[in-house]
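Chains as they are written, first to last, in the numbering used here: chain C, 198 to 335; chain W, 198 to 335; chain E, 198 to 335. Accompanying notes for the structure given below.
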Amino acid sequence: MKNYRKELWFDVPTRRAFINITPEVEQCLRESGIQEGLVLVNAMHITASVFINDDESGLHYDYEQWLERIAPHAPVDQYRHNVGEDNADAHMKRQVMGREVVVAITQGRLDFGTWEQIFYGEFDGRRRKRALVKIIGE
Amino acid sequence: MKNYRKELWFDVPTRRAFINITPEVEQCLRESGIQEGLVLVNAMHITASVFINDDESGLHYDYEQWLERIAPHAPVDQYRHNVGEDNADAHMKRQVMGREVVVAITQGRLDFGTWEQIFYGEFDGRRRKRALVKIIGE
Amino acid sequence: MKNYRKELWFDVPTRRAFINITPEVEQCLRESGIQEGLVLVNAMHITASVFINDDESGLHYDYEQWLERIAPHAPVDQYRHNVGEDNADAHMKRQVMGREVVVAITQGRLDFGTWEQIFYGEFDGRRRKRALVKIIGE
């Protein structure tokens, strides 16, 4: 069994953003030389997500509005977590969108449907944060 | 390390449905001959889910009502994604219910609690769509 | 490829609770002797979650309030599942928080960011329930 590990780093200048990291994960897969197996991609922070969906700007705007509606940022004092913090909502948004994805590797490629793309979802940015890519297989 | 791959195809006549795919995944596991490992089952579409819960029609009705409440289909023009589309809500419902499940394989069987069953959750049906079963182990 | 399996048992005296199981998962990892691979931790019940987030009591209070707002327990007769049951909301809360986590193992340790901790999330307690730890790798 082979294994491969790499951290992907981000420094998002805004509080929230969705970044397509599919090319970086594909590069990891090439470096790993693994033909058959699984790749795990996860946020290493608890106010960020890794998820799979469409690379379409209208949808990303809709996600932003929708997440704000079901887990609003303000007023920040509605949350007990916000003592010296203002990111309680980010912990909720991250649960809705998920921490991680597991993707099949088949014949050396991400085994994806037509529109599947991997995103890093930032909900509390403006500092350096990272995601982990771990691949096992052979 | 052994590996196995199969696509499961669906042609749901309605916009939304929950389909129990546990027997199909068990069949894949038998075909793989894998005794110890992990199985990944994921939707290959971004408006569908694979999730684990109860095979109970009342609960499925409740899920349908609940998802419609937190991510309503109509009015369709509330979403920027809906330009020539009407499925933005399906992209949200799929995030709540999840893209994939990873299940342990122990002694050649899905290592499940009493009530765990695997479902394909369709949120934008009326066309041919598919899920992926990938098994690794030995 | 090595593999390891253990069930973690809980008997939560209240309906809902969040329990940090990171030490138990780390103990499993030590027992497995696996240095590189993946660990799957999943609830074996469909009204409970395993998720990764912060071990902070204010946040856990916020999660409780938030989940109650988006998937309320009462009135119980709003759900068709609640025929001889009162736990339909628990099936929804579990979908928001997730069934499982997959964590990378690197050099014999959980490959975690600074604040990542694994929780068992109970939404229908007051009885014995369990989570599964399955590790594969070498």
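Backbone N, C-alpha and C fix where the C-beta goes; we use that ideal spot for every residue, glycine too.
Cβ-based neighbour list, residue i, same chain, cut-off 6 Å, excluding 5 preceding and 5 following
| i | result |
| --- | --- |
| residue 249 of chain C | 298, 313 and 315 |
| residue 251 of chain E | 312 |
| residue 270 of chain C | 286 |
| residue 264 of chain C | 290 |
| residue 307 of chain C | 300 |
First through last residue of the beta strand (DSSP E) which encompasses residue i
| i | result |
| --- | --- |
| residue 301 of chain C | 297-303 |
| residue 353 of chain C | In the structure as shown, chain C begins at 198 and stops at 335. Residue 353 of chain C is therefore absent and cannot be evaluated. |
| residue 245 of chain C | 245-250 |
| residue 206 of chain E | 199-208 |
| residue 316 of chain C | 314-319 |
| residue 281 of chain C | Note, residue 281 of chain C: premise wrong, no beta strand (DSSP E); not H, not E. |
| residue 328 of chain W | 325-334 |
Beta-carbon proximity of residue i to residue j, cut-off 9 Å
| i | j | result |
| --- | --- | --- |
| residue 202 of chain C | residue 311 of chain E | no |
| residue 296 of chain E | residue 320 of chain E | no |
| residue 288 of chain C | residue 243 of chain C | yes |
| residue 235 of chain C | residue 237 of chain W | yes |
| residue 323 of chain E | residue 211 of chain E | yes |
| residue 318 of chain E | residue 240 of chain E | yes |
| residue 259 of chain W | residue 276 of chain E | yes |
| residue 293 of chain W | residue 293 of chain E | yes |
The alpha helix (DSSP H) enclosing residue i, as first and last residue numbers
| i | result |
| --- | --- |
| residue 266 of chain W | 254-267 |
| residue 291 of chain E | 285-294 |
| residue 227 of chain C | 219-229 |
8 Å CB neighbourhood of residue i in its chain, flanking five on each side removed
| i | result |
| --- | --- |
| residue 231 of chain E | 199, 201, 302, 305, 332, 333, 334 and 335 |
| residue 279 of chain W | 273 and 285 |
| residue 247 of chain E | 218, 238, 239, 240, 295, 296, 297, 298, 315, 316, 317, 318 and 328 |
Contacting residues, own chain, Cβ-Cβ under 7 Å from residue i (five flanking each side not counted)
| i | result |
| --- | --- |
| residue 205 of chain W | 218, 221, 327, 328 and 330 |
| residue 233 of chain C | 302, 303, 334 and 335 |
| residue 283 of chain C | 273 |
Where residue i falls, given that 16 or more other Cβ within 10 Å makes a residue buried
| i | result |
| --- | --- |
| residue 254 of chain W | exposed |
| residue 245 of chain E | buried |
| residue 208 of chain C | exposed |
| residue 213 of chain W | buried |
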